[in-house]
């Protein structure tokens, strides 16, 4: 039995906008589940419906086996960390953290003990008498967490708690949050638009798009076996290269190049003579592989346009003569309207390379790729071809 | 209701916290709505009374039931009397026109001055700017009589007694208007905008008229409304500086009638007072209704910007 | 010695910050923008003010003309029993009217903000109407209603057995004016508080709901404290207005002659001294004293507010 389960959850606003369409999801006891997706995909709406702050148009929310649709958020034993922290500005840190306890008429001694425990756990002990205005963003975020954990809730909700922090702080706080989660052990639903947070923090991750779950699986599964174009383009940075191709007997026709597929191509049998979309992760395009050529390697020749040197790796932006695919999906994945991406980008693919390879812009290079690491998608449905 | 307004209203309702979440006991909503009704009745009593009794004769005002009509229906007769000089104190219609003149010119002028000054204080640094602004704000604390009475004496020296400018010019001084405009400029016109325009070589005047002013419109409407209402309702200043009753605004004129109504007791002044009061109110209510969208945000500024 | 001299002259002197010509030119533009306002402000506020303060130091007698009398006028004012009873009267007026009115305004503003009554929009529009009514007209209307002989309210009191009830007798005049002032100002205060309450971030209230905070606590301990600046501003504005009570008593006097004396409120006192009695120098001193009292009350309440801040 899951700690939280959402069944066919739908939300339609009075203005007619559908935010969620029959969402199905469940979170196990003590599990840390991340809801990730671009802005407007409905993830925050779903979270708020679990909290009880948003009315449910249709569908069920269950905690354990109890339906909580009609239960007021006050009684759901849910704690939430808000994106802007929602601290009470005129109360001190100690009063903020202990506020829920005063409502429940917890005796003063016990309340103070629990507040100071939470404060110590989060490194706030020296600031208990300050007001939120005197704290930095990271400190406020921790106060918001303290306020949530002191209640020892059975369900923990977080709405993009790290998006207002700068990059370095975010990395630090990610591990803080996980550490807190391990201590508390409550089922947690975490919402973010940042796929890095999703991948590093979640036990399981649900990728949302326009109110629909695109895939719900462990991070590794999302990365290695994306169920559709959207997940493929959304998860992973730099994004997966996606191109239009067509299938002939045992080969993939990619622009003017033909890639032998070997056993990996059997899954494409129904698509002989038709178009598919092929995806390859930037790190699966290897220069070394092209020269060593282990059995079954397919090669891809490309013109390098721009090289970004990051120190630990280089990103080589190249172009091939096959059209980049799924522009609409890709655009949605990065949150841009279709057509807003630079038209006819000089490059339509990117590869992750060892910086010592010395690839330069203007070069023509040949990548080697293991056909087993190619991903195929149906061009009409966007679904993965397995 | 237009489609856009309907969607706006729905969006507003979506944006508000649903009432159920407050955990109210049953019946609380009814009780609270009843309270609202009670206060609404309290608010409307004088207005209803005025509307009804503006149709009555003086005798009926005194004798008939206050909150319902009585024959004869004298409305039009009384209305016609507003255009006559009934008891030698002057003509209401003249007073009304004066009020309109003072409010329009004074209020309009106040808005212009506040707009220019607010922009100047908000976007420029110059020696004395803080001192000047502080002095203006301090002016809010000054009681009206400390200014009105000596103003009268100063006027006596410069022959401004019984001049419309003696009324209009002081009405153009609105410390609260300046404060509101300055705040509005600070909040709504990002300095990057004006900086960019300066870099592009535009003159300050062009920047003000082409860039700043269009963005200042809601604030301008609020200040305009407040200044017009303030001048429309002003009683003390015109009372002191005018001795010629053809220059009185409606407020002073009716004050005079009110005095005479009780002392002379005749001349059917009461119906005139009632109807005159009604006529004085209507334009202001109409103005508020028309400019609703603007002054709502302006009031927010005043409360938040502290 | 020559070494240190060399060192001294070699060390660069810290240049005093000078505004660039560009900055100064821009500053002059700023000055140009504020000049119209400042000019009219100076002519029509500062000049009369200065003139009043100046005149307050003189006395004009029938015999002897105008002569410098220093603080003589001020002494007369400060020693004037009627003046001070007028001051006390408006202080009492403010002390009762302002809290009551603000409480009512806050009550309804909260109701509207929470949305716990139906038809909030309509009510808000109705409550705001009195703000559009000139005080003279409002005093006239209420005067009619409260009129001791013919007003409906008195007839009502007669009907339920209180004969010869006079709303505008000396004893009841102030409470009656308080009622009128509440009528005039509650709507305006209510709208301002409502707008301020609406700007309280929604997620703070949602956090309180998740913490199972009862509604009264949300209102009193979270929302209202967060609109403190608006409340304080309103107290100031209302206080300044209350201290200058003039129009309502003056108009109501016509319905109930004799109740309002020439010194009923400080501003009435100033007016009658300056205009009716023609003693404008004494009146000027009175006005200055009133201004000082107003400033003193403002300062005291500011200090009080800051002290309360320490306790959160």
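Protein chains in written order, with this note's numbering: chain C, 3 to 388; chain B, 82 to 387; chain Y, 16 to 327.
Heads up, the beta-carbon is just placed ideally off N, CA and C, and yes, glycines get one too.
Bear in mind the structure is a predicted one, so any value in this text is a computation, not a measurement.
Query                                                                                                                           : Result
Partner residues on chain B for residue 185 of chain Y, Cβ-Cβ distance less than 9 Å                                            : Chain B residues near residue 185 of chain Y: none, gap ~17 Å exceeds 9 Å.
Separation of residue 290 of chain Y from residue 325 of chain B, as counted between CA atoms                                   : 15 Å
Residue range of the unbroken beta strand (DSSP E) whose run includes residue 6 of chain C                                      : 6-14
Alpha helix (DSSP H) segment containing residue 186 of chain B, residue limits                                                  : 173-204
Residue 341 of chain C - DSSP class collapsed to helix/strand/coil                                                              : For residue 341 of chain C, the predicted structure reports a pLDDT of 48, less than 50, and the residue's modelled location is therefore unreliable. A value from the coordinates is still provided. Here residue 341 of chain C sits in coil by DSSP.
Cβ-based contacts, 8 Å cut-off: residues of the region 35-57 of chain C near chain B                                            : 54, 55 and 57
Closer than 8 Å to chain B by CB, residue 78 of chain C                                                                         : no
Below-8 Å beta-carbon distance, residue 112 of chain C vs any chain Y residue                                                   : no
Proximity below 8 Å, CB of residue 133 of chain C to CB of residue 91 of chain C                                                : yes
Interface residues of the region 221-247 of chain Y facing chain C [CB-CB below 9 Å]                                            : 221, 222, 223, 224, 225, 226, 227, 228, 229, 232, 236, 237, 240, 241 and 243
Pairwise C-alpha distance: residue 59 of chain C and residue 18 of chain C                                                      : 12 Å
Coil, strand or helix - residue 141 of chain B by DSSP                                                                          : helix
Alpha carbon of residue 324 of chain C to alpha carbon of residue 11 of chain C, nearest angstrom                               : 40 Å
Bridge partners - residue 355 of chain C, DSSP secondary structure assignment                                                   : C:316
Status (buried if at least 16 other CB within 10 Å, exposed otherwise) for residue 153 of chain B                               : exposed
Bridge partner(s) assigned by DSSP for residue 300 of chain C                                                                   : C:371
Bounding residues of the alpha helix (DSSP H) (the contiguous stretch that carries residue 387 of chain C)                      : No alpha helix (DSSP H) holds residue 387 of chain C; DSSP gives it neither H nor E.
Distance between beta carbons of residue 279 of chain C and residue 369 of chain C, contact taken as under 8 Å                  : Not confirmed; about 18 Å, so no contact.
Whether residue 207 of chain Y touches residue 245 of chain Y by CB criterion (8 Å)                                             : yes
Short Cβ contact (8 Å threshold) for residue 304 of chain B with residue 261 of chain B                                         : yes
Residue 134 of chain C at chain Y interface by Cβ criterion, 8 Å                                                                : no
Separation of residue 148 of chain C from residue 120 of chain C, as counted between CA atoms                                   : 6 Å
Exposed unless 16 or more other CB atoms sit within 10 angstroms - verdict on residue 157 of chain Y                            : buried
Best match in Y:201, Y:255, Y:165 and Y:237 for proximity to residue 102 of chain Y [C-alpha to C-alpha]                        : Y:255
Residues bridged to residue 281 of chain C (per DSSP)                                                                           : C:244 and C:377
Any C-beta of chain Y under 8 Å from that of residue 242 of chain B                                                             : no
Alpha-carbon spacing of residue 48 of chain C relative to residue 197 of chain C, whole angstroms                               : 18 Å
Euclidean distance between Cα positions of residue 372 of chain C and residue 256 of chain C                                    : 15 Å
When B:338, B:362, B:114 and B:259 are compared against residue 301 of chain B, the one with the closest alpha-carbon           : B:259
Cutoff 8 Å: residue 198 of chain Y Cβ touching any chain B Cβ                                                                   : yes
Closest Cα partner of residue 368 of chain B within the set B:335, B:316, B:85 and B:308                                        : B:308
Enclosing beta strand (DSSP E) for residue 28 of chain C [first to last residue]                                                : 20-29
Bounding residues of the beta strand (DSSP E) (the contiguous stretch that carries residue 189 of chain C)                      : 189-194
Proximal chain B residues relative to residue 175 of chain Y, where beta-carbon distance stays under 7 Å                        : Here the premise fails: no neighbours, minimum Cβ distance about 15 Å.
Other residues of its chain near residue 150 of chain B: CB distance less than 8 Å, five sequence neighbours each side excluded : 133, 136 and 137
Complete runs of the alpha helix (DSSP H) confined to the region 257-324 of chain Y [at least 4 residues]                       : 262-267 and 281-286
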